[in-house]
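>
Right under this line is the structure:
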């Protein structure tokens, strides 16, 4: 009977983390030399096609994503050339309704737990670099994969909340 309870609990906990999303650092270069830094999420680890990239809106890199401000706040080595191992804090505020606002803390161990504003853990993320994309059309868009996150929330849910 204890074995059955153990297996039931195990399968129930596995259902909580059945989705994945991949976080990419993105730079948009306009024709006048301006650069906008931000982040995007995809549901696959491969580099996205330029057609897929052109249909997306990025979340801006910001120093403050509290309250209703969406975007990503990154502390540490956050630029495009670094792989994510030296990111100290990564705060993702994807949407307000529903509230998808999670923070990763390097100081709390690896894999990085996804802490919500309520202090609960909603999944975890690991550094998953090594892939990049470059698309040129009326400027350029560059992207570098940073993290692989495992949670019950899907890329589509995050994108739907942004609309």
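Residue numbers (mature numbering (1 follows the signal peptide of the UniProt record, and there is no 0)): -19 to -1, 1 to 144.
In this text, a Cβ means the ideal position worked out from N, Cα and C, and glycines have one as well.
Predicted model, so just to flag it, every value in this text is computed and none were measured.
#1: With a threshold of 8 angstroms, are at least 3 pairs of Cβ atoms found where one atom belongs to the stretch 53 to 71 and the other to the stretch 23 to 37?
#2: How many whole angstroms separate the CB atoms of residue 125 and residue 113, which I take to be in contact at a CB cut-off of 8 angstroms?
#3: Rounded to whole angstroms, what is the Cα-Cα separation between residue -4 and residue 105?
#4: Between the Cα of residue 16 and the Cα atoms of 39, 4, 32, 1, which residue gives the shortest distance?
#5: For the alpha helix (DSSP H) that residue 136 lies in, which residues bound it at each end?
#6: For residue 72, which of helix, strand or coil comes out of DSSP?
#7: Please report how far the alpha carbon of residue 19 lies from the alpha carbon of residue 43, in whole angstroms.
#8: Please state if the CB of residue 83 and the CB of residue 103 are separated by a distance shorter than 8 angstroms.
#9: At least one CB of chain D closer than 8 angstroms to the CB of residue 36: is that the case?
#10: Please state if the CB of residue 93 and the CB of residue 87 are separated by a distance shorter than 8 angstroms.
#11: So, residue 77 versus residue 51, is the Cβ gap smaller than 8 angstroms?
#12: List, from N- to C-terminal side, the beta strand (DSSP E) runs of 3 residues or more that fit wholly inside the stretch 70 to 138.
Here's the rundown:
#1: no
#2: Between residue 113 and residue 125 the Cβ distance is about 5 angstroms, and since that is below 8 angstroms, they are a contact.
#3: Summary for residue -4: the model assigns pLDDT 47, below 50, so the residue's position carries little reliability, and this model does not support an answer.
#4: 39
#5: 136 to 143
#6: In the structure shown, residue 72 sits in a strand (DSSP, three-state: E or B).
#7: 8 angstroms
#8: A contact, by the Cβ cut-off of 8 angstroms.
#9: The question asks about chain D, but that chain is absent: this structure has only one protein chain.
#10: yes
#11: Yes, these two residues count as a Cβ contact at 8 angstroms.
#12: 80 to 86, 93 to 97, 102 to 108, 113 to 117, 121 to 132
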